[in-house]
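Start counting the sequence shown at 0; every next residue gets the next number (numbering that gives the first Met the number 0). Virtual Cβ for every residue (Gly too), placed ideally from N, Cα, C.
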Amino acid sequence: MNLMILAIIKSFLLITSALAKEGKVASPIQGAEHIVYKEASGSKLILNVFYPEGHDPKKEKRPAIVFFFGGGWSGGNPAQFGPHCEYLASRGMVAMSADYRVRSRQGTPPFECVKDGKSAVRWIRQNAKKLGIDPHRLAAGGGSAGGHVAAATGTLPGLEEEGEDISISSKPDALALFNPVYDNGPKGYGHDRVKDRYKEISPIHNIGKGTPPAIVFLGDQDKLIPVSTANKYKSLMEKAGSRSDLHVYAGQPHGFFNKGKKGNYYEKTVLEMDKFLISLGWLKGKPTIKVPKS
Numbered sequence: 000m001n002l003m004i005l006a007i008i009k010s011f012l013l014i015t016s017a018l019a020k021e022g023k024v025a026s027p028i029q030g031a032e033h034i035v036y037k038e039a040s041g042s043k044l045i046l047n048v049f050y051p052e053g054h055d056p057k058k059e060k061r062p063a064i065v066f067f068f069g070g071g072w073s074g075g076n077p078a079q080f081g082p083h084c085e086y087l088a089s090r091g092m093v094a095m096s097a098d099y100r101v102r103s104r105q106g107t108p109p110f111e112c113v114k115d116g117k118s119a120v121r122w123i124r125q126n127a128k129k130l131g132i133d134p135h136r137l138a139a140g141g142g143s144a145g146g147h148v149a150a151a152t153g154t155l156p157g158l159e160e161e162g163e164d165i166s167i168s169s170k171p172d173a174l175a176l177f178n179p180v181y182d183n184g185p186k187g188y189g190h191d192r193v194k195d196r197y198k199e200i201s202p203i204h205n206i207g208k209g210t211p212p213a214i215v216f217l218g219d220q221d222k223l224i225p226v227s228t229a230n231k232y233k234s235l236m237e238k239a240g241s242r243s244d245l246h247v248y249a250g251q252p253h254g255f256f257n258k259g260k261k262g263n264y265y266e267k268t269v270l271e272m273d274k275f276l277i278s279l280g281w282l283k284g285k286p287t288i289k290v291p292k293s
């Protein structure tokens, strides 16, 4: 890496750190490469990219995944999925955690969150050669509202960012959803923020032929997403000819899957996500994550 590139990276980090202190963007994840995928609402939105060791973009076409953080479309930080990215990079994937606009930083509604999610998927696919990834093995994942963003990229026909090349698909090839807010209907979460536009943004109301295969994780004590919603999503997916693997964990509340929570559910859910990706033919060998004895 030459001195000019180092200077550019240093300048970028100084700018983003200053913006983060002002509350305009999320802080970049240390140890990741930081790439701007979009500029909107006065913010430079970045992908925090983790590469497999020895990855050569000129020679390889790896499977990839992009995660979206939770926070009720109001806050949150890409660092939430840093551990997931590090693990999947160790397994051979190019793994990314995206910043996107939220109410607390950019004053935006959920519709802009979805637009940014679609922009991220499209940008990654458009730049597949530069990243050294396979554009046909690109997954989207996320938790809570970030799970909504991920599910929305896989289901919604609209909410594409104006001015982008929509000939490049913003639909991922698989979904990894951690207690996702994927029902925004009258009885679902967040309806008060989308109101009469819920059919435009609610993933469960837009499932159809070609919806990507999904793995879903949920605690049966989640006060935001009932198990009945997850069962309905699974049923609708299967009726549409799509796969939906549902894992429900007894006694667990919303956000149980995050690293550091009691019960080692981060390890348990990541293990199942690994198995899911193996079943798609994206990962090889056995999962390397170890689940500590409770």
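Assigned exposure category for residue i - 16 Cβ within 10 Å defines buried
{"i": "residue 152", "result": "buried"}
{"i": "residue 267", "result": "buried"}
{"i": "residue 132", "result": "buried"}
{"i": "residue 249", "result": "exposed"}
{"i": "residue 165", "result": "exposed"}
{"i": "residue 79", "result": "buried"}
{"i": "residue 17", "result": "For residue 17, the predicted structure reports a pLDDT of 48, less than 50, and the residue's modelled location is therefore unreliable. The matter cannot be settled from this model."}
{"i": "residue 162", "result": "exposed"}
{"i": "residue 109", "result": "buried"}
{"i": "residue 259", "result": "exposed"}
{"i": "residue 77", "result": "buried"}
{"i": "residue 81", "result": "buried"}
{"i": "residue 71", "result": "buried"}
Check whether residue i and residue j have beta carbons under 9 Å apart
{"i": "residue 92", "j": "residue 51", "result": "yes"}
{"i": "residue 246", "j": "residue 214", "result": "yes"}
{"i": "residue 86", "j": "residue 288", "result": "yes"}
{"i": "residue 202", "j": "residue 150", "result": "yes"}
{"i": "residue 130", "j": "residue 172", "result": "no"}
{"i": "residue 146", "j": "residue 197", "result": "no"}
{"i": "residue 144", "j": "residue 64", "result": "no"}
{"i": "residue 69", "j": "residue 254", "result": "yes"}
{"i": "residue 270", "j": "residue 62", "result": "no"}
{"i": "residue 279", "j": "residue 90", "result": "no"}
{"i": "residue 240", "j": "residue 194", "result": "no"}
heavy atom of the ligand MN below 8 Å from residue i C-beta
{"i": "residue 132", "result": "As presented, the structure is devoid of all ligands, the ligand MN included, so that no description of it is given."}
Close-in-space but distant-in-sequence residues of the same chain around residue i (CB under 7 Å, 5 per side omitted)
{"i": "residue 111", "result": "100"}
{"i": "residue 272", "result": "175, 214"}
{"i": "residue 148", "result": "67, 99, 112, 113, 116, 141"}
{"i": "residue 134", "result": "124, 127"}
{"i": "residue 60", "result": "131, 132, 133"}
Contact set for residue i: own chain, Cβ-Cβ below 8 Å, skip 5 residues either direction
{"i": "residue 252", "result": "218, 220, 221, 222"}
{"i": "residue 236", "result": "206, 210, 213, 242, 243"}
{"i": "residue 156", "result": "205"}
{"i": "residue 20", "result": "Residue confidence for residue 20 is low, a pLDDT of 49 falling below 50, so the modelled location carries little weight; the figure read from the coordinates is stated next. Here the set comprises nothing."}
{"i": "residue 230", "result": "245"}
{"i": "residue 265", "result": "82, 256, 257, 258, 259"}
Contacts around residue i, its chain only, beta-carbon distance under 6 Å, and the 5 residues preceding and following it disregarded
{"i": "residue 160", "result": "114, 118"}
{"i": "residue 32", "result": "48"}
{"i": "residue 188", "result": "180, 223"}
{"i": "residue 238", "result": "none"}
Supposed close pair residue i, residue j - CB separation, criterion 8 Å
{"i": "residue 88", "j": "residue 46", "result": "Rounded, the Cβ-Cβ distance is 13 Å, inconsistent with contact."}
{"i": "residue 224", "j": "residue 178", "result": "6 Å"}
{"i": "residue 40", "j": "residue 120", "result": "About 19 Å separates the two Cβ atoms, so there is no contact after all."}
{"i": "residue 274", "j": "residue 291", "result": "Actually they do not touch by this definition, with Cβ atoms about 18 Å apart."}
- [ ] Mind listing, in chain order, the continuous beta strand (DSSP E) runs of no fewer than 3 residues lying wholly within the segment 36-76?
- [x] The segment 36-76 contains these whole beta strand (DSSP E) runs: 42-49, 61-67.
- [ ] Return the chain-ordered ranges of every beta strand (DSSP E) run that is complete within the segment 220-279 and spans a minimum of 3 residues.
- [x] With a minimum length of 3 residues, the continuous beta strand (DSSP E) runs that stay inside the segment 220-279 are 243-248.
TODO: Identify every run of the beta strand (DSSP E) within the segment 120-188, keeping only runs that are complete inside it and at least 3 residues long; order them along the chain.
DONE: Entirely contained in the segment 120-188, the beta strand (DSSP E) runs reaching 3 residues are, in chain order, 132-142, 173-177.
Task: Residue ranges of each beta strand (DSSP E) within the segment 79-111, 3 or longer - done: Correct list: 93-97.
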